[in-house]
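Protein chains in written order, with this note's numbering: chain A, 53 to 280; chain B, 53 to 280.
C-beta atoms are modelled at their ideal positions from N, C-alpha and C, and glycine is treated no differently.
To start, the structure under review is shown below, and the notes come after it.
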């Protein structure tokens, strides 16, 4: 591909999916700017993971943007009065953070416009999406339309693209792809309830999907578990 | 109207337009939750104005959400190295803040979902819109579609409405409407370059539009000007 000088902003949470999405952006020849959010999530250790992931994948810059979504609450991830589910759940789970991906993409869009980047990468997935509405293709498409109407670049005839390269992939396909691209999944953290040293619980929705993905992909699972 | 118990989130900047938009939400019978942003804007005095406006219009609650857009810069309003224009400008002005209304509406959407509100009010205007792309009806429509795809409420069959009641009004019509609804425009601040006591410069784009609006509406202009 011949876009070595094109910049992309990639959202990086510290998890497996966004690490893979970032690796795919790099593989497509983009100069990557990683963006993470210190939004009041329960586990600060996620931000440490995002720093390790961004550094290991050679980003041009990694920013951690602070905005405290605990000012609103409303999710098990941003409100201590709401418990994180410890097993399978139906419908939209308690870990849904109201409008989170809309908020994160909006801020990524703002930074992209300042940088002169027209490509945004987000590691959402609609196959194993756990019921989150803002991980579906129709949401990504709608946000892309909004982005092109909202911005100076869009009005002036340039085009923002919101890339969600994992959106139709299974967890096993994501892991196989990242493995091929050299992602060190030992640096990533997916668990909703890790211990203070970052070891995963092995029982939350996110842990169960992740472990099954490694098994199905035939890739050794480097995740440190509490229960091991 | 028979929606006295319906909640609305109204964006309130401390300026004339958003004060009028809030007054119109109240007039339509909504219980109003005002949301302002401490985003690193040059003039903290705007936040004081937003508090006075929200209080004077009897909101149920006023939140000031902190997120420092100076982390990105890129606008005369969020980057001290970019000057605020002191006269008329062409095209998209230096005071454009990348993706600002997308970011603000996204956060308003998050708070609305936590509150159980389905109505958001924003005081954007496409007539005197000064070249901002995210003040146009097509942007508002696109954001509303995105909001309904992004959220639990949207997926579960409820409908978010993004109200931009000023969008097709002239500044004079806005002022006449707010005047009729009892808005005290002496509490509002529109200037891009006020002095430390909140007196307006009288020469920036925003001051010129505002002053002309009062003249055209035949409403006495309560704005304190530096040059008076």
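Sub-9 Å separation of residue i and residue j beta-carbons
i, j, result
"residue 170 of chain B", "residue 119 of chain A", "no"
"residue 82 of chain B", "residue 159 of chain B", "no"
"residue 176 of chain B", "residue 224 of chain B", "no"
"residue 201 of chain A", "residue 191 of chain B", "yes"
"residue 150 of chain B", "residue 165 of chain A", "yes"
"residue 121 of chain A", "residue 162 of chain B", "yes"
"residue 87 of chain A", "residue 61 of chain A", "yes"
"residue 17 of chain B", "residue 237 of chain B", "No answer is possible for residue 17 of chain B: it lies beyond the span of chain B, which begins at 53 and ends at 280."
"residue 97 of chain B", "residue 248 of chain B", "yes"
"residue 112 of chain B", "residue 59 of chain B", "yes"
"residue 91 of chain B", "residue 115 of chain B", "no"
Helix, strand or coil at residue i [DSSP, three-state]
i, result
"residue 178 of chain A", "coil"
"residue 208 of chain B", "coil"
"residue 259 of chain B", "helix"
"residue 251 of chain B", "coil"
"residue 61 of chain A", "strand"
"residue 82 of chain A", "coil"
"residue 237 of chain B", "helix"
"residue 116 of chain B", "strand"
"residue 283 of chain A", "Because chain A is modelled from 53 through 280, residue 283 of chain A falls outside the range shown and cannot be assessed."
"residue 92 of chain A", "coil"
"residue 214 of chain B", "strand"
"residue 124 of chain B", "coil"
"residue 273 of chain A", "coil"
"residue 245 of chain A", "coil"
"residue 172 of chain A", "strand"
"residue 109 of chain B", "coil"
Test: residue i CB closer than 9 Å to a CB of chain B
i, result
"residue 159 of chain A", "yes"
"residue 105 of chain A", "no"
"residue 123 of chain A", "yes"
"residue 149 of chain A", "yes"
"residue 132 of chain A", "no"
"residue 201 of chain A", "yes"
"residue 190 of chain A", "yes"
"residue 120 of chain A", "yes"
"residue 59 of chain A", "no"
"residue 69 of chain A", "no"
"residue 195 of chain A", "yes"
"residue 9 of chain A", "The structure shown does not extend to residue 9 of chain A, since chain A is modelled only from 53 through 280, so no value can be given for it."
"residue 219 of chain A", "no"
Rounded straight-line distance, which links the Cα of residue j to that of residue i
i, j, result
"residue 241 of chain A", "residue 275 of chain A", "8 Å"
"residue 78 of chain B", "residue 235 of chain B", "11 Å"
"residue 70 of chain B", "residue 252 of chain A", "46 Å"
"residue 135 of chain A", "residue 194 of chain A", "31 Å"
"residue 221 of chain A", "residue 179 of chain A", "7 Å"
"residue 131 of chain B", "residue 250 of chain B", "20 Å"
"residue 197 of chain A", "residue 73 of chain A", "21 Å"
"residue 267 of chain A", "residue 76 of chain A", "22 Å"
"residue 64 of chain B", "residue 264 of chain A", "47 Å"
"residue 218 of chain A", "residue 199 of chain B", "22 Å"
"residue 269 of chain B", "residue 244 of chain A", "57 Å"
"residue 99 of chain B", "residue 259 of chain A", "43 Å"
"residue 239 of chain B", "residue 210 of chain B", "36 Å"
"residue 157 of chain B", "residue 80 of chain A", "32 Å"
"residue 228 of chain A", "residue 174 of chain A", "18 Å"
"residue 68 of chain B", "residue 254 of chain A", "54 Å"
"residue 102 of chain B", "residue 257 of chain B", "20 Å"
"residue 230 of chain A", "residue 273 of chain A", "13 Å"
Chain A contact for residue i (CB, 9 Å cutoff)
i, result
"residue 177 of chain B", "no"
"residue 92 of chain B", "no"
"residue 113 of chain B", "no"
"residue 162 of chain B", "yes"
"residue 277 of chain B", "no"
"residue 206 of chain B", "yes"
"residue 83 of chain B", "no"
"residue 56 of chain B", "Residue confidence for residue 56 of chain B is low, a pLDDT of 49 falling below 50, so the modelled location carries little weight; the figure read from the coordinates is stated next. No, no contact with chain A."
"residue 272 of chain B", "no"
Where residue i falls, given that 16 or more other Cβ within 10 Å makes a residue buried
i, result
"residue 232 of chain A", "exposed"
"residue 93 of chain B", "buried"
"residue 66 of chain A", "buried"
"residue 185 of chain A", "buried"
"residue 133 of chain A", "exposed"
"residue 262 of chain B", "buried"
"residue 110 of chain A", "exposed"
"residue 168 of chain B", "exposed"
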